[in-house]
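Engineer: Residue numbering for the sequence shown follows the working numbering, starting at 4 and increasing by one per position.
Dropping the structure in here first, questions after.
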Amino acid sequence: MKRMSRIAAGLVTLALGMFAASSQSAYQGTWQLDAAKSQVSDGHTMTLTMQLAGDQLKFVGVVKKGDDAVTSQFSCGTASGAECAFDEGGHKSKVSIWFSGPSLNLCKTDGPVGDVVTEWKMELSPDNNTLTISVSHVDPQLKDETLVFTKKSGA
Numbered sequence: 004m005k006r007m008s009r010i011a012a013g014l015v016t017l018a019l020g021m022f023a024a025s026s027q028s029a030y031q032g033t034w035q036l037d038a039a040k041s042q043v044s045d046g047h048t049m050t051l052t053m054q055l056a057g058d059q060l061k062f063v064g065v066v067k068k069g070d071d072a073v074t075s076q077f078s079c080g081t082a083s084g085a086e087c088a089f090d091e092g093g094h095k096s097k098v099s100i101w102f103s104g105p106s107l108n109l110c111k112t113d114g115p116v117g118d119v120v121t122e123w124k125m126e127l128s129p130d131n132n133t134l135t136i137s138v139s140h141v142d143p144q145l146k147d148e149t150l151v152f153t154k155k156s157g158a
C-alpha cells in the first residue's frame, strides 16, 4: 500500500512538472498590445517577444509612439531569481524574473536616480492567446496599470 502511495505521489509530481513546463512554454511568442483593452492613454503601441530555452527567458519589447521606437531587452533565468541586466533603449537597470504557479513575474530595479521600480505579473488566458500584465509601480508609488496583449498568429 505504501509503495502504491509513493508511485501515485511520484506520478502526480511528474504530471505537475509537465503541466508547469507546458504552461510556461505558452508564454513564448510575439504579443501585440490591445490598446482597447489596456490602460494606455498616450497612443503608444507595444510588441513583446519572449523565448524560453530551459529556464532562460529572452525578452524583447518594442514601444512605438509616432515615428519613435524604444527597444527593451534582457535574458535571464527564471529559476534562480538572480538579477540580470535590463536595457531599455540605452537606459540601464536590473530585472529578476520567476514563475509563481502559472504566472510569470518580473521586478525591475536599480535604474539611475529617479527611475521607477515596477513589478509585473503576467498571466495567460485559458486558451493561451491573451496575455494580461498587471503593472505595479512600487517606487514612486503610482496608479497600477493593466496591459492586455494578443498572441500574433504564427508566433
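Cβ coordinates follow ideal geometry from the N, Cα and C atoms, glycine included.
Give a yes or no on whether the C-beta atoms belonging to L127 and A29 are separated by under 8 angstroms.
Structural biologist: Their beta carbons are under 8 angstroms apart, which means L127 touches A29 by this criterion.
Engineer: Between which two residues does the beta strand (DSSP E) harbouring G32 extend?
Structural biologist: For G32, the uninterrupted beta strand (DSSP E) run begins and ends at 32-36, by DSSP.
Engineer: How many Å lie between L109 and D45 at the Cα?
Structural biologist: Going by the C-alpha atoms only, they are around 23 angstroms apart.
Engineer: Take A85 and list the residues in its own chain whose beta-carbon comes closer than 8 angstroms to its own, dropping the five residues that flank it on each side.
Structural biologist: C79, S99
Engineer: Starting from the Cα of S137, find the closest Cα among T149, D71, G104, Q144 and give me that residue.
Structural biologist: Checked all of T149, D71, G104, Q144; the closest Cα to S137 is T149.
Engineer: Locate the beta strand (DSSP E) running through L134, then write down its first and last residues.
Structural biologist: 133-142
Engineer: Compute the beta-carbon to beta-carbon distance between G32 and M53, rounded to the nearest angstrom, for a pair I have assumed lies under 8 angstroms.
Structural biologist: 7 angstroms
Engineer: For Q144, tell me which candidate among E122, H94, D70 has the shortest Cα-Cα distance.
Structural biologist: If we check each option's Cα against that of Q144, E122 comes out closest.
Engineer: Run through DSSP, which three-state label would K146 get?
Structural biologist: coil
Engineer: In angstroms, rounded to a whole number, what distance separates the CA positions of W125 and F152?
Structural biologist: Just to set this straight, residue 125 is Met in the shown sequence, not Trp. Their backbone Cα atoms lie some 10 angstroms apart in a straight line.
Engineer: Return the CA-CA distance between L76 and K146, expressed in angstroms with no decimal places.
Structural biologist: Before going on, a small fix: residue 76 reads as Gln here, not Leu. Cα to Cα, Q76 sits roughly 24 angstroms from K146.
Engineer: Of the residues S96, V119, L36, L55, which one's Cα is nearest the Cα of F102?
Structural biologist: L55
Engineer: Would you mind stating whether H47 and K68 have Cβ atoms separated by less than 8 angstroms?
Structural biologist: yes
Engineer: Which runs of the beta strand (DSSP E) spanning at least 3 residues fall entirely within the segment 51-128, listed in chain order?
Structural biologist: 59-68, 71-80, 87-91, 94-103, 106-112, 120-127
Engineer: With 16 as the cutoff for other CB atoms within 10 Å, does S96 come out buried or exposed?
Structural biologist: buried
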